[in-house]
Structure formats: C-alpha cells, structure tokens
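Mapped onto the UniProt record's numbering, the consecutive letters of the sequence shown carry residue numbers 1 to 395.
Even glycine gets a Cβ: it sits at the ideal position worked out from N, Cα and C.
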Amino acid sequence: MDNLGLFSMDMGLGRMESFWERRGAPGVPVVHVVGTNGKGSTSTFLESIARENGVRTGLFTSPHLVTPRERVRICGRMLEPEDWTRLANMVLATPGGADLTYFEFQTCLAMLAFMDAGVDLAIMEAGLGGRYDATNVFAPGLTLFTPVGMDHEAVLGSTLEAIARDKAGAMHAGGTAITGPQEPEALAVLEEQARAVGATLLHASDLIGLVPGTLGLRGPHQQDNARLALSGWQIAAEMFGRDSDPEAVAAGLAQAFIPGRFHCVRPDGLPDIVLDGAHNLHAFKALAHTLEQEGVRPQAVVFACMADKDISSMVPLLRSMSDGPILCPAMPWERAARPVDLVKVLGGKAEATDGMATALQRVADLPGPVLVCGSLYLLAAFYELYPEFLSRNSR
C-alpha cells in the first residue's frame, strides 16, 4: 500500500472501468454520497438507519485514521485483517489491479468486500470531486449531495461553480439525486446538470422537516446531514423495496458514530479533548457554531493542516475559538503545512511542537477542554496514541 502513495492522484475513470470490465459488473445497489463537507457523517447516518431497518449494509468512507480497514465496514464492522489481506490480493491479482492509485485500490477492495459479504446496499462516500472520482464508476441508483464548498481548488477548480460542476458530474442519466443545503451558485450547477442528463433532483428539506429524536453526532449542522441521510433512506427504501420502521430510524440516528466529528473524549492524565476534522472555511464555521451551541470554550487549540488549504481564511475563526495557546505539531505527511509556517500565519500565541504527543504534554495541566482540529490526518495522530477512542463505546 505504501508504494501506491497515500496522496497520489491521477483523476479519470479509465483504470476503474478497465478493472471492472475484467471482473464483471458488481451488481450491488449503491447510494453515492458526494460533496465537500458532511459526506462522512451523512454516510454514517444513512448506514446506521438502513442497518437498524434490517438491511445488510456495506459502508465505504475515507480517509482512515489508524488502519485502512476502517474504510470498509460490513454491517457496521471493520473487515478482519485476514479478510482485508485476501481481498487486497484479489485486487492485485486482477489485470490492471497493480496500476490503480491508492484510492482506486481501496474503492475496488471495498466493492469486492461488499460482493463477498452479499450486502443489500452499499453506501459509497466519494473521495474527491464526483465526475472522475473512483466511486462514480458504479452507476449508483441514488446520489446524495452534501454542501459544496471551496476545497481542493488545485484539482477541482478555483471557483465554487467549477467545484460544483465537477461534483455534479456524479449524476447519471435517468438517476435520482437529493441535495442538502447549497450556496445558490452550487445549486444552480446541480440543477443544470440534472436537466442535462435527465436526472431527478430532489431537496432534502422538501422531503424531511425537523429530524426526530436524538442524533448520535453532535452539532447543529448534523441536523442537515441527518435530514439528507433520512431523505436518502426514504427514497432508497422505495427503490429497493424495503420497509421503513420509525423506531428503527430513530435508533439508527441515535446510534450513528464516526470518530473525529466533534468527538469529546477524556484520556487518562489529560483534560477533556474535543476532536473535530474541520479543514476548510465552511467546516470551521460549523465547528465555531457547534462550540457556541454546546457552551464549550477551549483553553487551548492543537491545529495542523495540509499546505494546500486556504489557511488565511480559517485564521480569524481559529483565533476566536480560544484565548489560550494554539499549538502546531509537526505531521509526517508530505502535504502537511510546516509548523513554522503556520505559526507565522497565526501569530499571537501560536507555537510549533514536535508532534502530537508533545502538544498533548504541553496542555496536560490545563483545566480543559482542548480542541484538536484542522485535518483528519492530525486527528489520526491522536487516535494512534489513544486507539480505544475509535470505538463508539469508548466515547
């Protein structure tokens, strides 16, 4: 896997199409989740709802935090190491399998796992974009669009319209799509693409009002993610002839869990830690709103991000979240922004540290809470130190 390169990208569906031409069409019903922010949460809500309704589910999300096995779940459970290895070898044994990019490899492995397990429904989270994303090769029966925002501009385009156009390419002729809240420019592109390909575009807000019951994921923005997931479940249940039980739906919403989404934990010897994968301006606005709504005022922030992010747009919000120090640990990823560069941009109380362990030592005597944010890869460094918090039962 290391030889494939975690961050290597070569956009286009040619390799994926060739791989599945050789293996044969998977024949697994797919719901495709596309957008900039909220894809993981929406996918998790939908999978949990479907599973509670008796559906044998497959879930593919990215990135992983500690092990690639996190990306693929059957009925809520990760693959066992021996099963993951067996499926990885199946990918490599397929002509063209060794030529796949890292994300393509993981996508193919996930679909082989879903076929192997005989799932009733696969929920596939897009990695980046839509039209040329590896997950778009499966011609889904239903596509869900979470909010489209500015991110990955170097790959998808420098304007919201350009980014939305790439993501809108995930719609297929005659298919059905549901969108969550969108900026007017992004919504116009989605509507235009739906007309162009003859797809039906629905609005989650027209299908579901206030989402009932308790949500397993915290934050006001999760209401939108849950609404989109519940809308997707209603349409998917109709498409695939499944019954929907209101009590099972409520249980699915309440039990949904994904690490790193306003995830509050208390490690031994440390203050309360709030872990959130916010990594762009839209996500930071949602995080700031959640902190306010939850009445949480961090005593310090641990922050790192990728060098290709619009860091300057996030700085005012980041500074406003805490009066304490902002610690910028070094990360081993090739795309990571250097701590010294982050400190220059952040100014004030920003400090560079050697890594996550050092940053946590620095805040150990604070009363807490401490916010860790800026990148899921930064959160991965925390979960590697405290893997017990990857589990729902250890929240």
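Listed in chain order, the alpha helix (DSSP H) runs fully inside the UniProt domain "Mur ligase C-terminal" (260-375) are 281-294, 311-320, 339-346 and 356-363, counting runs of at least 4 residues. For residue 128 and residue 325, the gap between their C-alpha atoms comes out near 33 Å. The segment 93-177 is shown to contain whole alpha helix (DSSP H) runs of 4 or more residues at 102-117, 153-156 and 160-168, in chain order. Taking residue 163 as reference, the option from 175, 173, 143 and 188 with the minimal CA-CA separation is 188.
One thing to note: residue 373 has its Cβ no nearer than 8 Å to the Cβ of residue 353. DSSP, reduced to helix, strand and coil, places residue 203 within a strand of the structure shown.
Distance from the CA of residue 230 to the CA of residue 72, rounded to the nearest whole angstrom, comes to 21 Å. Between the alpha carbons of residue 212 and residue 246 lies a gap of roughly 10 Å. The secondary-structure analysis by DSSP pairs residue 49 with nothing; it has no beta-bridge partner.
Under DSSP, residue 179 forms a beta bridge with 145 and 203. Distance from residue 105 to residue 91 at the Cβ level is roughly 6 Å; contact confirmed, criterion being Cβ atoms closer than 8 Å.
Here residue 242 carries a coil assignment [DSSP, helix/strand/coil]. According to the DSSP assignment, residue 73 belongs to the beta strand (DSSP E) that extends over 72-74. Check the Cα spacing between residue 287 and each of 319, 307, 268 and 205: the tightest is with 319. Exclusion of the five residues before and after residue 283 leaves 37 as the residues of its chain whose Cβ lies within less than 7 Å of its Cβ. When secondary structure is reduced to three states using DSSP, residue 77 falls in the strand class. Comparing alpha-carbon positions, the option among 170, 219, 225 and 274 lying closest to residue 209 turns out to be 225.
Our two residues, residue 358 and residue 302, have alpha carbons roughly 11 Å apart in a direct line. Only residues of its own chain outside the window of five on either side were considered, and among them 31, 123, 229, 232 and 233 have a CB closer than 7 Å to the CB of residue 46, listed in chain order.
With fewer than 16 other CB atoms across the displayed protein chains lying within 10 angstroms of its CB, residue 223 is exposed.
Annotated as distal: residue 256 and residue 62, with beta-carbon spacing of 8 Å or more. Residue 19: member of the alpha helix (DSSP H) spanning 14-23, first to last residue.
If the five residues before and after residue 117 are omitted, its C-beta is found closer than 6 Å to the C-beta atoms of 74, all from its own chain and listed in chain order. In this structure, 169 is the residue among 169, 109 and 27 with its C-alpha nearest to the C-alpha of residue 12. Contact between the segment 381-389 and the segment 254-268 is present: 3 or more CB-CB pairs across the two stretches fall below 8 Å. For the 8 Å CB-CB criterion, residue 293 and residue 322 do not form a contact. Residue 173 and residue 369 have their C-alpha atoms roughly 49 Å apart. Per the coordinates, the alpha-carbon of residue 254 lies some 13 Å from the alpha-carbon of residue 53. With distances taken between CA atoms, residue 142 lies nearest to 28 out of 339, 28, 81 and 335.
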